[in-house]
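Q: Okay, handing you the structure first.
Protein chains: 2
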Amino acid sequence: MHLSTRAAVGVHILTLLAGSEGQPVSSEQVAGSVNTNAAVIRRIMQLLTRAGLVTSRLGTGGGAMLARPARDITLADVYRAVEPGALFTLHEKPNPLCPVGRCIVPELDRHFTRARRALEDSLERTTIAGILAVALRQAGATTNSSGARKRAKLA
Amino acid sequence: MHLSTRAAVGVHILTLLAGSEGQPVSSEQVAGSVNTNAAVIRRIMQLLTRAGLVTSRLGTGGGAMLARPARDITLADVYRAVEPGALFTLHEKPNPLCPVGRCIVPELDRHFTRARRALEDSLERTTIAGILAVALRQAGATTNSSGARKRAKLA
DNA sequence: GTATCCGTAGCTAGCGTAGTTACAGACACT
DNA sequence: AGTGTCTGTAACTACGCTAGCTACGGATAC
Numbered sequence: 303m304h305l306s307t308r309a310a311v312g313v314h315i316l317t318l319l320a321g322s323e324g325q326p327v328s329s330e331q332v333a334g335s336v337n338t339n340a341a342v343i344r345r346i347m348q349l350l351t352r353a354g355l356v357t358s359r360l361g362t363g364g365g366a367m368l369a370r371p372a373r374d375i376t377l378a379d380v381y382r383a384v385e386p387g388a389l390f391t392l393h394e395k396p397n398p399l400c401p402v403g404r405c406i407v408p409e410l411d412r413h414f415t416r417a418r419r420a421l422e423d424s425l426e427r428t429t430i431a432g433i434l435a436v437a438l439r440q441a442g443a444t445t446n447s448s449g450a451r452k453r454a455k456l457a
Numbered sequence: 303m304h305l306s307t308r309a310a311v312g313v314h315i316l317t318l319l320a321g322s323e324g325q326p327v328s329s330e331q332v333a334g335s336v337n338t339n340a341a342v343i344r345r346i347m348q349l350l351t352r353a354g355l356v357t358s359r360l361g362t363g364g365g366a367m368l369a370r371p372a373r374d375i376t377l378a379d380v381y382r383a384v385e386p387g388a389l390f391t392l393h394e395k396p397n398p399l400c401p402v403g404r405c406i407v408p409e410l411d412r413h414f415t416r417a418r419r420a421l422e423d424s425l426e427r428t429t430i431a432g433i434l435a436v437a438l439r440q441a442g443a444t445t446n447s448s449g450a451r452k453r454a455k456l457a
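These protein sequences, in sequence, are chains A and B. As numbered in the working numbering, residues 303 to 457 make up the first sequence, in order. As numbered in the working numbering, residues 303 to 457 make up the second sequence, in order.
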């Protein structure tokens, strides 16, 4: 069983916002880049908003913006925002008459929690700013061999 | 979205086998401890067998046994056996006209793969023998205050 | 006042898990 | 040889979650 695409899409969204230099980006625009429906984007954006990563503005010219600098948002922040709760599911009600069944659940929980923390520590090492930098570097390298630092249009 | 209970049940199964001192354990017995159906156990046991962690013997007195010492089997082995493939799902076909959409997938894959490796490294630190030791210690502490090292019956 | 845009609800289709029953084949025991 | 045991595996059901889609109220800008 795999985790949902929410983490991947969440990072994609935040990278787009980071690249728009403070200008609000509409869910339609984001959906165009992710290649999905705008409502799907808004649903994921909600989770990012609740986590304090994104703010939004209503009305004409409105859209979403980063709530804090891209270099202060890590992939771990995104993961925690879109995949709350435990990573592994524990089986419930093992047989208490068996020594293994009696103690296995809390014991597994300890180890699985530690593993999830290790996962997050790894994700902590990458920022949205870092992802954006890769995207802009590759865009510059492929569209303009002179290496000019032109701001690429994000759409 | 959470991972399945297969990892938890897989560790439970292997711990039972480790505690049986080489005697085959039937899927019915295991199902009794896990508190589920025997076919479910056999299905998970299949994955463990394919991964080379378990062998089985048919017929009367048959059942499953560890294929190698419990101290040489880690939670990472179990995880890889029951949750093959990638941990995170990537969204497919983002817009190639967008600098972000063009490069985000391989970039995410790099970071997500590294994170999964960190997860496995953490799970690598715990062995089935370690889990069994905890179970036996707690069984001895609760059922016999004199601390005798009697072998607890696993059922 | 009108167009824009978010937040949210409701619905559908699809996938994977977990539970259950059933049965063929391998094996041990007498 | 016959019988009972146990695995391996298939088939089916029920359930939950995701992802895609439509729709609409409310906030906002012009």
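Positions of the beta carbon are idealized from the N, C-alpha and C atoms, including for glycine. For clarity, every value in this text was computed on a predicted model and none was experimentally measured.
Leaving out five residues before and five after E330/A in sequence, what residues of the same chain have Cβ atoms less than 6 Å from its Cβ?
A: Taken in chain order, the residues that qualify are A340.
Q: If we cut at 9 Å on Cβ distances, does R451/B have a partner in chain A?
A: Low confidence applies to R451/B: its pLDDT is 39, below 50, so where it sits in the model is not reliable enough to give any reading.
Q: So, does the CB of N446/B fall closer than 9 Å to a CB anywhere in chain A?
A: Legend: pLDDT at N446/B = 48, less than 50; position of this residue unreliable, value from coordinates given subsequently. It does not; no Cβ of chain A falls within 9 Å.
Q: I'd like to know whether the C-beta of I375/A is nearer than 9 Å to at least one C-beta of chain B.
A: No, its Cβ sits nowhere closer than 9 Å to a Cβ of chain B.
Q: Between the C-alpha atoms of A310/A and L392/B, what's the straight-line distance to the nearest angstrom?
A: Looking at the two C-alpha atoms, the distance is approximately 6 Å.
Q: Under 7 Å, CB to CB, which of the residues in the stretch 418-436 of chain A have a partner in chain B?
A: Under the 7 Å Cβ criterion, the stretch 418-436 of chain A contributes A420, L421, D423, S424, L425, T428, I433, V436.
Q: May I ask you to verify whether the stretch 387-406 of chain A touches the stretch 426-437 of chain A, counting CB pairs closer than 8 Å and requiring at least 3?
A: Contact between the stretch 387-406 of chain A and the stretch 426-437 of chain A is absent, because fewer than three Cβ pairs lie under 8 Å.
Q: Report yes if the C-beta distance between T429/B and T351/B is below 9 Å; otherwise report no.
A: No, the Cβ-Cβ distance between T429/B and T351/B is not below 9 Å.
Q: Put M462/B into one of helix, strand or coil per three-state DSSP.
A: What the structure shows of chain B is the stretch from 303 to 457, and residue 462/B is not part of that stretch, so it cannot be assessed.
Q: Should L349/A be flagged as near chain B, meaning a C-beta pair shorter than 9 Å?
A: For L349/A, the answer is no, since every Cβ of chain B falls outside 9 Å of its Cβ.
Q: Apply the 10 Å Cβ neighbour rule to H314/B and answer buried if 16 or more other Cβ atoms are within range, or exposed otherwise.
A: It counts as buried.
Q: Can you find the residues in the same chain that come closer than 8 Å, C-beta to C-beta, to G364/B, ignoring five residues on each side of it along the sequence?
A: Hits under 8 Å: P326, S328, S358.
Q: The beta strand (DSSP E) spanning A366/B covers which residue range?
A: A366/B -> beta strand (DSSP E) spans 365-368.
Q: Does the beta carbon of N397/A come closer than 9 Å to any beta carbon on chain B?
A: It does: the Cβ of N397/A has a partner Cβ on chain B nearer than 9 Å.
Q: Beta carbons nearer than 9 Å to chain A: which residues of the stretch 335-347 of chain B have them?
A: Taking 9 Å as the Cβ-Cβ cut-off against chain A, the residues of the stretch 335-347 of chain B that qualify are S335, V336, N337, T338.
Q: Using DSSP with H/G/I as helix, E/B as strand and the rest coil, what is F390/B?
A: It is a strand residue.
Q: Where do the ends of the beta strand (DSSP E) carrying T506/A lie?
A: This structure leaves residue 506/A out entirely; chain A is present only between 303 and 457.
Q: Run the CB neighbour count on P401/B, radius 10 Å, all protein chains shown included, and call it buried at 16 or more, exposed below.
A: Buried is the call here.
Q: Closer than 8 Å by beta-carbon distance: list the chain B residues that pair up with V313/A, in chain order.
A: Result: I406, L410.
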